[in-house]
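**Student:**
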Amino acid sequence: MYEEAPSAAVPGAVLWRAAARTGAVVLPDGCMDLLWADGRLLVAGPDTGPHPAGEVPGGAFAGIRLAPGTAPALIGVPAHALRDRRVELADLWPAGAVRRASGLVEGYVDGYGDARAGLEVLARTRAAATGAPDPLVAEVAARLRAGEAVAAIARAVGLGERQLHRRSLDAFGYGPRTLGRILRLRRALALARAGLPFAEVACVVGYADQAHLSREVRALAGTTLRAYVAGADGANSDTPPPSGSSTTA
Numbered sequence: 003m004y005e006e007a008p009s010a011a012v013p014g015a016v017l018w019r020a021a022a023r024t025g026a027v028v029l030p031d032g033c034m035d036l037l038w039a040d041g042r043l044l045v046a047g048p049d050t051g052p053h054p055a056g057e058v059p060g061g062a063f064a065g066i067r068l069a070p071g072t073a074p075a076l077i078g079v080p081a082h083a084l085r086d087r088r089v090e091l092a093d094l095w096p097a098g099a100v101r102r103a104s105g106l107v108e109g110y111v112d113g114y115g116d117a118r119a120g121l122e123v124l125a126r127t128r129a130a131a132t133g134a135p136d137p138l139v140a141e142v143a144a145r146l147r148a149g150e151a152v153a154a155i156a157r158a159v160g161l162g163e164r165q166l167h168r169r170s171l172d173a174f175g176y177g178p179r180t181l182g183r184i185l186r187l188r189r190a191l192a193l194a195r196a197g198l199p200f201a202e203v204a205c206v207v208g209y210a211d212q213a214h215l216s217r218e219v220r221a222l223a224g225t226t227l228r229a230y231v232a233g234a235d236g237a238n239s240d241t242p243p244p245s246g247s248s249t250t251a
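This note's numbering puts the first residue of the sequence shown at 3, with every later residue one more than the last.
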């Protein structure tokens, strides 16, 4: 079981919930998630490759998936420190802050049976306290999603490529080239799942050829495009816990 819906209170965020599922795989998407798992708050950092859904034990999960670059300010930790990790919030925040946050989410669980609402309020409250997200980060993510070259993006935002790389490590967890590869893969997977022939997917998304697309799917998703579309290897359109990062773009 998996459900998701856009957040009405946190721009660019998605609320989701899922039941535990063995054999499923979470694919990278450039996002970070704040999770509620059997009464615990955790953070899922940005992934560089596929992760097994069972990394975080639990029977039911809820989460808010935060758009690329927006989570570090809310959580108070640079994204690269959480790359490819699932971390208890208690390891990142003071004990009192974690108790208050857990109590807030628990109140929604007890009152409405839905931790997602509590996570949304928690994220909205943190966003109000930390201020508006860095517009440069949002512009970089948007340009990468559009397929622009890193050198061109650096010029457009007024940074050198090394400066852009450092800013990206803090915001996204990896450099802009890696984030661009991940976002391009997400577009490719969505088109392939929608039924577009693989050669056309490669052309539309901007790969050199179908072989290049196949290499990227193997490198970033740990499977083949054909297996992904068929739902094999756990890589299917449902989003498994623990990260909430959906396996379709």
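Ideal Cβ placement from N, Cα and C applies to all residues, glycine included. For clarity, every value in this text was computed on a predicted model and none was experimentally measured.
So does the stretch 121-137 actually touch the stretch 9-22, counting three or more Cβ pairs closer than 8 Å?
**Tutor:** Flag = yes, the stretch 121-137 and the stretch 9-22 touch.
**Student:** For D35, does the count of other Cβ atoms within 10 angstroms reach 16, so buried, or fall short, so exposed?
**Tutor:** Counting from 1 along the sequence shown, the entry for residue 35 is found at position 33. Burial call: buried.
**Student:** Give the single residue among A69, L146, H82 and R145 whose Cα lies nearest to the Cα of P135.
**Tutor:** Within the sequence shown, residue 135 is the residue found at index 133, counting from 1. Nearest option by C-alpha distance: A69.
**Student:** Starting from Y114, trace the beta strand (DSSP E) both ways and give me its first and last residue.
**Tutor:** Residue numbering aside, residue 114 sits at position 112 when the sequence shown is read from its first letter. That residue, Y114, is in no beta strand (DSSP E); its alpha helix (DSSP H) goes A97 to Y114.
**Student:** Please state the DSSP three-state secondary structure of R85.
**Tutor:** Mapped onto the sequence shown, residue 85 falls at position 83. DSSP places R85 in coil when its eight states are reduced to three.
**Student:** Closer than 6 Å by C-beta to N238: which residues in its own chain qualify, once you throw out the five before and the five after it? Chain order, please.
**Tutor:** In the sequence shown, residue 238 corresponds to position 236, counting from 1. At N238, the pLDDT of 35 sits below 50, so the modelled position is not reliable; the number obtained from the coordinates is stated separately. Cβ within range, chain order: n/a, list empty.
**Student:** Check this for me: beta carbons of I66 and L17, under 8 Å apart or not?
**Tutor:** Position 64 of the sequence shown holds residue 66. Position 15 of the sequence shown holds residue 17. In contact: I66 and L17 (Cβ atoms closer than 8 Å).
**Student:** Is it the case that the Cβ atoms of A156 and L146 are separated by a distance below 8 Å?
**Tutor:** In the sequence shown, residue 156 corresponds to position 154, counting from 1. In the sequence shown, residue 146 corresponds to position 144, counting from 1. Not in contact: A156 and L146 (Cβ atoms no closer than 8 Å).
**Student:** Three or more C-beta pairs closer than 8 Å, one from the stretch 167-179 and one from the stretch 104-116: is that the case here?
**Tutor:** As far as the Cβ criterion goes, the stretch 167-179 does not touch the stretch 104-116, which means the pair count is below three.
**Student:** Return the chain-ordered list of same chain residues with a C-beta closer than 7 Å to the C-beta of A185, the five sequence neighbours on each side being excluded.
**Tutor:** As a first step, residue 185 is located in the sequence shown; it is residue number 183 there, counting from the start. In the sequence as presented, Ala is not what sits at residue 185; that position holds Leu. Here the set comprises G32, L146 and R147.
**Student:** Would DSSP call S248 helix, strand or coil?
**Tutor:** For the purposes of this step, residue 248 is taken as residue 246 along the sequence shown, with counting starting at 1. Because the pLDDT of S248 is 40, which lies under 50, any placement of that residue in the model is unreliable, and the question is left without a value.
**Student:** For the alpha helix (DSSP H) that L171 lies in, which residues bound it at each end?
**Tutor:** As a first step, residue 171 must be located in the sequence shown, where it is residue number 169. Unbroken alpha helix (DSSP H) run through L171: E163 to F174.
**Student:** Could you compute how far the alpha carbon of Y176 sits from the alpha carbon of G197?
**Tutor:** Locating residue 176 in the sequence shown gives position 174, where the first residue counts as 1. Locating residue 197 in the sequence shown gives position 195, where the first residue counts as 1. Each residue's Cα considered, the two are about 31 Å apart.
**Student:** Classify A210: buried if its beta carbon has 16 or more other beta carbons within 10 angstroms, exposed otherwise.
**Tutor:** Translated into the one-based positions of the sequence shown, residue 210 becomes position 208. Answer is exposed; the Cβ neighbour count stays below 16.
**Student:** Can you tell which of R188, R128, L91 and V207 has its C-alpha closest to the C-alpha of L44?
**Tutor:** Residue numbering aside, residue 44 sits at position 42 when the sequence shown is read from its first letter. When only C-alpha atoms are compared, the closest one is L91.
**Student:** Return the chain-ordered list of same chain residues with a C-beta closer than 7 Å to the C-beta of R128, the five sequence neighbours on each side being excluded.
**Tutor:** As a first step, residue 128 must be located in the sequence shown, where it is residue number 126. Within the same chain, R128 has close Cβ partners L76.
**Student:** In whole angstroms, what separates the C-alpha of A153 from that of V139?
**Tutor:** For the purposes of this step, residue 153 is taken as residue 151 along the sequence shown, with counting starting at 1. For the purposes of this step, residue 139 is taken as residue 137 along the sequence shown, with counting starting at 1. Rounded to the nearest angstrom, the two C-alpha atoms are 15 Å apart.
**Student:** For P74, count neighbouring Cβ atoms within 10 angstroms of its own Cβ and tell me buried if that reaches 16, exposed if not.
**Tutor:** Walking along the sequence shown from the start, residue 74 turns up at place 72. Its Cβ being crowded by 16 or more others within 10 Å, P74 is buried.
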